[in-house]
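Under our numbering, the first residue of the sequence shown carries the number 127, and numbering increases by one thereafter. A virtual CB, placed ideally from N, CA and C, is assigned to each residue, including glycine. Just so you know, these numbers come straight off a predicted model, no measurement behind them. Heads up, the thing below is written out as structure tokens.
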Amino acid sequence: MSDLSSGDISNYRALTAEYESYCREQAGKHFMASKFNFKKCQCCGYCCLCYPCMPRPDEISPVAEYLNISVKELIDRYMVVDTADCQTFFLRWAKAGQEDITGARIPPRRTYDRGYCIFFDKDKKTCFIHPVRPDDAKIIKCWDDRQSRDKKLWGMSGWKQTDIYRFIPDFSTNYFRKSKEKPI
Ligand code: SF4
Ligand code: SF4
């Protein structure tokens with residue numbers, strides 16, 4: 127894995143800024159509880175579009191059971207491998223439009239793909255796996271983000287470096303950042 131050039135870094139910063147701008151625009155198009163002073167989720171879908179929930183490792187198997195498929199099938203059909211630092215990798219739901227890369231590591235640029243979580247039903251404004259949705263989805267409250275600011279509660283924080291091998295035994299070690307390399 128090569129080091130990041132300054133061009134790569136500014137490119138990723140630009141992508142992040144562009145995505146944040148997209149999310150701000152989308153906030154204006156969704157019936158968010160916070161905008162109307164509601165204290166209950168209105169299932170507007172904004173979270174499932176811009177900040178989809180992420181499961182901890184122990185929350186994956188119950189979803190497979192709920193859908194009556196194997197964990198491998200769940201990963202192959204609905205999940206991508208992602209990372210925030212190239213040291214710890216985790217599985218998260220793909221977004222609609224990322225079906226072509228389910229079961230594989232998401233290329234960093236495609237983290238910014240537009241689209242709702244693959245489990246979000248846009249017509250009914252519901253989650254297909256609502257009874258077994260991750261805790262991450264339960265702590266997100268747009269009208270009160272005190273809990274969601276606590277990173278310890280995030281699904282992503284529930285992953286240790288070796289956990290990815292529990293789900294993808296042949297996950298390539300080449301993806302891991304060497305200590306002196308910058309993350310990609
Ligand atoms: S918590 Fe998320 S889905 Fe619920 S109303 Fe707020 S923005 Fe919409
Ligand atoms: S799993 Fe359900 S609650 Fe979580 S982001 Fe997807 S649709 Fe939303």
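- Comparing alpha carbon positions, the residue from 204, 176, 131, 304 closest to residue 148 is 176.
- In this structure, DSSP gives residue 164 a state outside helix and strand, which the three-state scheme calls coil.
- Measuring C-alpha to C-alpha distances from residue 204 to each of 290, 189, 248 identifies 189 as the nearest.
- The count of Cβ pairs closer than 8 Å, one atom from the segment 276-285 and one from the segment 166-182, reaches three, so the stretches are in contact.
- The Cβ atoms of residue 170 and residue 156 lie closer than 7 Å to each other.
- Measuring C-alpha to C-alpha distances from residue 239 to each of 206, 268, 276 identifies 206 as the nearest.
- Closest by C-alpha distance to residue 303, out of 231, 236, 214, 246, is 214.
- Across the set 262, 274, 273, 268, the C-alpha of 262 shows the shortest separation from the C-alpha of residue 186.
- Ligand 1 never approaches residue 227 closely enough for any of its heavy atoms to be under 6 Å from the residue's Cβ.
- Within the segment 204-258, the complete beta strand (DSSP E) runs of at least 3 residues fall at 205-209, 215-219.
- In the three-state reduction of the DSSP assignment, residue 134 falls in the helix class.
- Taking 7 Å as the cut-off, the Cβ atoms of residue 229 and residue 201 count as close.
- Contact check for residue 159 against residue 269 passes: the beta carbons are separated by less than 7 Å.
- Residue 135 has its alpha-carbon roughly 24 Å from the corresponding atom of residue 220.
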